[in-house]
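Student: Protein chains in written order, with the numbering used here: chain A, 6 to 260; chain B, 773 to 1035; chain C, 83 to 428.
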Amino acid sequence: MELRLDGITHRYGAVTVLDGIDLAVGSGQVVCLVGPSGCGKSTLLRIIGGLEMPTGGAVHLMGEPPEGCFNPLTYVFQDFALLPWRTAADNVSLVLEDHPLSAEARSAVVADVLARTKLTDFANAWPRQLSGGMKQRVALARALAVRPAVMLMDEPLSALDSQTRELLMEDLIGLWERERFTAVYVTHNLLEAVRLGHRVVVLSRRPGRISEQMTIDTPLAERDMADPILLAKAERLWVAMRDEAAAADRELLHV
Amino acid sequence: MSEVRPVPFRGGGFRPRSIGVVGPIVFVVLISAWEAASRLGLITPLVLPAPSEAAAAFWELLETGRLWLHLSASLQRLVVGWTLGTLVGVSAGFAIGLFSLARAGLMPVVSALFPIPKIALLPLFIIWFGIGEGSKVATLFFGTFFPTVIATYAGVDGVDRTLIRMGQSFGLTWWSIVRKIVLPGALPAILSGFRISASIAIILLVAAEMIGAEFGIGAYVLLAGNLMATDQLIAGVAMLSVMGLTVGFLISRAERLLLRWRG
Amino acid sequence: MIDRLFSRRRVAHLLGAALFAAAGATATAQAAEKVTIGALRFTSSAPLFVAFERGYFADEGLDAEFSFFQAAQPVAVAIASGDVDFGVTALTGGFFNLASKGALKVIGGHFHEEKGYDGSAILVSNKAYEAGFTSVDKFPGHSLGMTQVGSSFHYMAGRIAEAKGFPLSDITLLPLQKVGAIIAALKSGQVDSMIIVPHIARPLDRGGAAKIIGWVYDYAPYQVTTLFTSTNNTESKPELVKRFVKAYQRGIADYRAVMLNQAKDPAATEEMTKLIHKYVYADRPYEKAAPSIKAGAIYVNENARLDVGDVKAQLEWFQAQGFVPGGFDYRAIVDTSFVEAYNLPK
Ligand SMILES: Nc1ncnc2c1ncn2[C@@H]1O[C@H](COP(=O)(O)OP(=O)(O)O)[C@@H](O)[C@H]1O
Ligand SMILES: [Mg+2]
Chain A
6 MELRLDGITH RYGAVTVLDG IDLAVGSGQV VCLVGPSGCG KSTLLRIIGG
56 LEMPTGGAVH LMGEPPEGCF NPLTYVFQDF ALLPWRTAAD NVSLVLEDHP
106 LSAEARSAVV ADVLARTKLT DFANAWPRQL SGGMKQRVAL ARALAVRPAV
156 MLMDEPLSAL DSQTRELLME DLIGLWERER FTAVYVTHNL LEAVRLGHRV
206 VVLSRRPGRI SEQMTIDTPL AERDMADPIL LAKAERLWVA MRDEAAAADR
256 ELLHV
Chain B
773 MSEVRPVPFR GGGFRPRSIG VVGPIVFVVL ISAWEAASRL GLITPLVLPA
823 PSEAAAAFWE LLETGRLWLH LSASLQRLVV GWTLGTLVGV SAGFAIGLFS
873 LARAGLMPVV SALFPIPKIA LLPLFIIWFG IGEGSKVATL FFGTFFPTVI
923 ATYAGVDGVD RTLIRMGQSF GLTWWSIVRK IVLPGALPAI LSGFRISASI
973 AIILLVAAEM IGAEFGIGAY VLLAGNLMAT DQLIAGVAML SVMGLTVGFL
1023 ISRAERLLLR WRG
Chain C
83 MIDRLFSRRR VAHLLGAALF AAAGATATAQ AAEKVTIGAL RFTSSAPLFV
133 AFERGYFADE GLDAEFSFFQ AAQPVAVAIA SGDVDFGVTA LTGGFFNLAS
183 KGALKVIGGH FHEEKGYDGS AILVSNKAYE AGFTSVDKFP GHSLGMTQVG
233 SSFHYMAGRI AEAKGFPLSD ITLLPLQKVG AIIAALKSGQ VDSMIIVPHI
283 ARPLDRGGAA KIIGWVYDYA PYQVTTLFTS TNNTESKPEL VKRFVKAYQR
333 GIADYRAVML NQAKDPAATE EMTKLIHKYV YADRPYEKAA PSIKAGAIYV
383 NENARLDVGD VKAQLEWFQA QGFVPGGFDY RAIVDTSFVE AYNLPK
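#1: Using a C-beta cutoff of 7 Å, does Gly271 of chain C count as contacting chain B?
#2: Please tell me whether Gln259 of chain C has its Cβ less than 7 Å away from any Cβ of chain B.
#3: Do you know how far the Cα of Ile334 of chain C is from the Cα of Ala109 of chain C?
#4: Thr216 of chain C to Pro222 of chain C, Cα distance in whole Å?
#5: If you follow the beta strand (DSSP E) that Arg9 of chain A is in, where does it begin and where does it stop?
#6: Can you pull the chain B neighbours of Val231 of chain C, defined as C-beta to C-beta under 7 Å?
#7: Quick one: what does DSSP say Phe177 of chain C is sitting in, helix, strand or coil?
#8: Output needed in chain order: residues of the region 924-940 of chain B with a Cβ under 7 Å from some Cβ in chain A.
#9: Is any heavy atom of ligand 1 found at a distance shorter than 6 Å from the C-beta of Gly45 of chain A?
#10: Touch check for the region 869-888 of chain B and the region 830-846 of chain B: three-plus C-beta pairs under 8 Å?
#11: From the beta carbon of Phe405 of chain C, is the nearest beta carbon of chain B less than 7 Å away?
#12: Straight-line CA distance for Leu1005 of chain B to Val954 of chain B?
#13: Closer than 6 Å to a non-hydrogen atom of ligand 1 - does that hold for the CB of Tyr2 of chain A?
#14: Which bits of chain C does Leu859 of chain B rub up against, with CB to CB less than 8 Å?
#15: With DSSP collapsed to three states, give me the class of Ala867 of chain B.
#16: What did DSSP end up calling Ser1024 of chain B once you bin it into helix, strand or coil?
#17: List, in chain order, every chain C residue whose beta-carbon is nearer than 9 Å to that of Leu893 of chain B.
#18: Just the Cα atoms here: how many angstroms apart are Ser149 of chain C and Ser126 of chain C?
#19: Near Leu268 of chain C, which residues of its chain fall below 7 Å by C-beta distance, leaving aside the five closest residues on each side in sequence?
#20: At what residues does the alpha helix (DSSP H) containing Val881 of chain B begin and finish?
#21: Which residues share a DSSP beta bridge with His194 of chain C?
#22: Using 7 Å as the limit for Cβ to Cβ distance, is Ala100 of chain C near chain B?
#23: Give the secondary structure of Lys428 of chain C by DSSP, where H, G and I count as helix, E and B as strand, and everything else as coil.
#24: By how many angstroms is the C-alpha of Met139 of chain A removed from the C-alpha of Trp131 of chain A?
#25: Are the C-beta of Ser948 of chain B and some C-beta of chain A separated by less than 7 Å?
#26: Would Leu256 of chain C count as contacting chain B if we go by Cβ distances under 7 Å?
#27: If you measure between the beta carbons of Ala148 of chain A and Phe127 of chain A, is that distance less than 7 Å?
#28: Going residue by residue through the region 149-175 of chain C, where are the continuous alpha helix (DSSP H) segments of at least 4 residues, counting only ones entirely within it?
#29: Identify every run of the alpha helix (DSSP H) within the region 162-227 of chain A, keeping only runs that are complete inside it and at least 4 residues long; order them along the chain.
#30: Beta-carbon within less than 7 Å of Gln331 of chain C's beta-carbon, same chain only, minus the 5 sequence neighbours each way: which residues are those?
#31: At least one CB of chain B closer than 7 Å to the CB of Ser54 of chain A: is that the case?
#32: Is the region 116-125 of chain A touching the region 6-25 of chain A in the sense that three or more CB pairs, one from each, lie closer than 8 Å?
#33: Taking 7 Å as the cut-off, decide whether the C-beta atoms of Tyr80 of chain A and Ser941 of chain B are in contact.
#34: Can you give me the C-alpha to C-alpha distance between Trp90 of chain A and Thr229 of chain C, rounded to a whole angstrom?
#35: Compute the distance between the beta-carbons of Lys394 of chain C and Tyr412 of chain C, then report whether it is under 7 Å.
#36: Whole-angstrom Cβ separation of Thr169 of chain A and Val39 of chain A, contact assumed at under 8 Å?
Spelled out as structure tokens, the structure:
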């Protein structure tokens, strides 16, 4: 499915957070959204996911959702958002329980997505027993269970240490290779952006506007962080953002 | 430069552990000392009866079979009053936690009525609910209702909003979100509310049984006080204390069962 | 009431500091001796107020001081613990139990139910009255609201049952703790009857809220309240007790002369009512308080005479009911060396 944003503007009281964002995300494309902290990335993602009403503009979803899709726009949260009172398997099961699915079909789906995220052995573990990387895998399994057409990921790897992050990036690429979902991926990590994005969109500091876009043609599976081309792209993004980031950092929070 | 010294340890402390046997030992020592002081005449019977006298009073209750009459009367009132207060209180707490209109309408009422000592309303309770079981159950009901409401809505307020947003982002129904996210999220607070409301119910038992009660631990304690039968008074108070400990134990068990996920 | 047991003085006793008591006893001689009177702000305590206001205690070289209580039982507890020296209260199960521990002595009589004088009335709810509960004979099968199990109301019910020849268990006794609660239950028809002092009973009857169907004195002329003090006082300071009783008797004499025959000398009645009003219903204006005070004048034994036979009968009743342990009789709790004792058991 494709996603189109037309002139998205958003204000919190007198503060304009987003100002006229136009963006199109093609089917099966991963768009990475980067920008200084507080520029409105999460807000934009919430608007795309229908969790927040924009002050102006509209988001459109085009095309038919894939066969068996329960939740076309599916969110992955930075802090995992797992229910601590449900085991890994039950957290996945949660999002299927409101759909007309037999108990066997449901457990089959749960088993399948847990296998795909390498969690089969941890199906009955409580979230508190899992490491950060494992928790995010459970969250990914949960997202996959509803066969999403579009994945909305808000800094899904930011809460993890760098080694775990590396492993999960590989997993994410593997999953994308299989499912070919459309994705908007918010990150503040430029290396992550050039590793995972077909396209990287840079937002300016508040009010957030698109200040730069960059396409990366290397297929995701072939990307290697030793590749000088990727490193150069990351460097270019940093140059484009650096002054904005510094200014954003000095900004007083008036909220 | 040349001197080699080990770094002194500065951490530790501020971490009280519970040591299983100490509690019972303290009880045994206290009661033995009390018994000894009574026997030696250091504590006159006017001031405090010996523990053995209180035990004898308890034994008499047991032998005559009246213990069961008192206990069953009180337990029945406790169970009915507490259950009603809890059911209505949890429902009202959820309403306040979930709906703006309920919050605006009920909160001021709850805040205004909570601090009223229910004993002060006893004469009115007699007229409203009668001198039978009605006014007794009502006293326990009002005593447990308010703390339950407050614990419940505080628990609902405290549920992590990201979890609710997560539920919404997956298209869960409102009812599913309430049942599977809000309720379990508020459960720890609700259970600690139960602990408080159950203790309040036991405290109020004496007040509830002031009104025309023939049987009941509270009535027994009241009568002992009126007759200055201090041995029975101590026996009755000890029974109330044991009831409190039992309820506390049951709630701990419930917590361990329902909140296994907390580890 | 329990915390009063742990008062300073009680703890001093506890620690075996008998020294204190000894020192107190020797320091009597010249200076006016201090006595504390435990009193309730009831019209029935009036003779004490009269004796105090007219300086009868001072005449006896006593520096009397009132300590006011909300209920009768704590007065007894305070006297047992030594915080208060003298008090007047009804004989109840609680009183007998306290006295059984040896700390209290009944030394004189006070309110006595006496034919011809206002005493406790038997009130019936309108509902029960209309349903036929119109006389004391109809008591069986009805309920009686009372303050507490083992209270004087309980005893009166027992005596009425005895006089009428039916077992007390034929009446459903409902302890409701507070007089206010009993009245509420009576008015709303949830209890059928109650027994209460005349100045509460009469207005309820007159106002149509309940019906008086009888008077306790018709069934049980008895010694309702008594004057008592600590055993410590009767044994170590009998002189002081004698002086106190003398002043108290003068108070009673004045009170009886005026209040038991109010029509005889309206001016004196007015004056004494004003005196009592300083202590009773002081929060109401005099015009409002006066009728209640006048109506609340109850019969007080002349010279504080003590109906010993009735004290014995009461103790035995409470013992028979199981409210008071056996193993002692009235002699252990009565000291007849201060007032005239009558109706002596043979
Ligand atoms: N609910 C809200 N109410 C008011 N201000 C908000 C709210 N959510 C976010 N903001 C403000 O909007 C701006 C953008 O926030 P956010 O989208 O979280 O930024 P980012 O994810 O890019 O760091 C920030 O200044 C933040 O303080
Ligand atoms: Mg963010």
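C-beta: ideal position from N, C-alpha, C; glycine also.
Here the structure is a predicted model, which is why all the values come from computation and not from measurement.
Tutor: In short, the structure shows the following:
#1: On the third sequence, position 189 is the one that residue 271 of chain C refers to. For Gly271 of chain C, the answer is no, since every Cβ of chain B falls outside 7 Å of its Cβ.
#2: Within the third sequence, residue 259 of chain C is the residue found at index 177, counting from 1. Output row for Gln259 of chain C: interface = yes.
#3: The count along the third sequence starts at 1 and reaches residue 109 of chain C at position 27. The count along the third sequence starts at 1 and reaches residue 334 of chain C at position 252. Bear in mind that the predicted position of Ala109 of chain C carries a pLDDT of just 42, short of 50, making it too unreliable to give a figure here.
#4: Counted from its first residue, the third sequence places residue 216 of chain C at position 134. Counted from its first residue, the third sequence places residue 222 of chain C at position 140. Using only the alpha carbons, I get a separation of about 12 Å.
#5: Here residue 9 of chain A refers to the residue found at position 4 of the first sequence. Counting along the chain, the beta strand (DSSP E) containing Arg9 of chain A begins and ends at Glu7 to Tyr17.
#6: Taking the first residue of the third sequence as 1, we reach residue 231 of chain C at position 149. What Val231 of chain C touches in chain B: Leu995 and Asn998.
#7: Working through the third sequence from its first residue, we reach residue 177 of chain C at position 95. In the structure shown, Phe177 of chain C sits in a helix (DSSP, three-state: H, G or I).
#8: Thr934, Leu935, Arg937, Met938 and Gln940
#9: Numbered from its first residue, the first sequence carries residue 45 of chain A at position 40. Yes, the Cβ of Gly45 of chain A comes within 6 Å of a heavy atom of ligand 1.
#10: no
#11: Here the question's residue 405 of chain C lines up with position 323 in the third sequence. True, the Cβ-Cβ gap to chain B drops below 7 Å.
#12: Here residue 1005 of chain B refers to the residue found at position 233 when the second sequence is read from its first residue. Here residue 954 of chain B refers to the residue found at position 182 when the second sequence is read from its first residue. If I take the Cα positions, the gap works out to 45 Å.
#13: For chain A, the structure presents residues 6 to 260; residue 2 of chain A sits outside this window and is missing.
#14: The residue given as residue 859 of chain B occupies position 87 in the second sequence. Correct list: empty, because the minimum Cβ distance to chain C is about 27 Å.
#15: Walking along the second sequence from the start, residue 867 of chain B turns up at place 95. It is helical.
#16: By one-based count along the second sequence, residue 1024 of chain B stands at place 252. It is helical.
#17: For the purposes of this step, residue 893 of chain B is identified with residue 121 of the second sequence, where counting begins at 1. Chain C residues near Leu893 of chain B: none, gap ~11 Å exceeds 9 Å.
#18: Here residue 149 of chain C corresponds to residue number 67 of the third sequence, with the count starting at 1. Here residue 126 of chain C corresponds to residue number 44 of the third sequence, with the count starting at 1. Their backbone Cα atoms lie some 16 Å apart in a straight line.
#19: Taking the third sequence and counting its residues from 1, the one referred to as residue 268 of chain C is at position 186. Leu205, Ser207, Gly227, Met276 and Ala292.
#20: Your numbering for residue 881 of chain B matches position 109 in the second sequence. Ser872 to Leu885 is the span of the alpha helix (DSSP H), which, as asked, contains Val881 of chain B.
#21: One-based indexing of the third sequence puts residue 194 of chain C at position 112. His194 of chain C is bridged to C:Gln305.
#22: Counting from one through the third sequence, the residue named residue 100 of chain C turns up at place 18. Residue placement at Ala100 of chain C cannot be trusted, given a pLDDT of 39 that sits under 50; the coordinates are not used to answer.
#23: The residue given as residue 428 of chain C occupies position 346 in the third sequence. Residue state, collapsed to three classes: coil.
#24: For this step, residue 131 of chain A is matched to residue 126 along the first sequence. For this step, residue 139 of chain A is matched to residue 134 along the first sequence. Cα-Cα distance, rounded: 11 Å.
#25: Taking the first residue of the second sequence as 1, we reach residue 948 of chain B at position 176. Yes, contact with chain A.
#26: Here residue 256 of chain C is taken as the residue at index 174 of the third sequence, counted from 1. At least one chain B Cβ lies under 7 Å of Leu256 of chain C.
#27: On the first sequence, position 143 is the one that residue 148 of chain A refers to. On the first sequence, position 122 is the one that residue 127 of chain A refers to. Going by C-beta atoms, Ala148 of chain A is not nearer than 7 Å to Phe127 of chain A.
#28: 154-162
#29: 167-184 and 195-201
#30: Sequence index remark: in the third sequence, residue 331 of chain C carries index 249 (1-based). Excluding positions up to five away in sequence, the list reads Asn385 and Ala386.
#31: Numbered from 1 along the first sequence, position 49 holds the residue referred to as residue 54 of chain A. Here residue 54 of chain A is Gly; the residue named in the question, Ser, does not match the sequence. Yes, Gly54 of chain A counts as interfacial toward chain B.
#32: no
#33: Sequence index remark: in the first sequence, residue 80 of chain A carries index 75 (1-based). Sequence index remark: in the second sequence, residue 941 of chain B carries index 169 (1-based). Contact: yes.
#34: Within the first sequence, residue 90 of chain A is the residue found at index 85, counting from 1. Within the third sequence, residue 229 of chain C is the residue found at index 147, counting from 1. Spanning the two alpha carbons is a distance of roughly 53 Å.
#35: Here the question's residue 394 of chain C lines up with position 312 in the third sequence. Here the question's residue 412 of chain C lines up with position 330 in the third sequence. Yes, these two residues count as a Cβ contact at 7 Å.
#36: As a first step, residue 169 of chain A must be located in the first sequence, where it is residue number 164. As a first step, residue 39 of chain A must be located in the first sequence, where it is residue number 34. Not confirmed; about 21 Å, so no contact.
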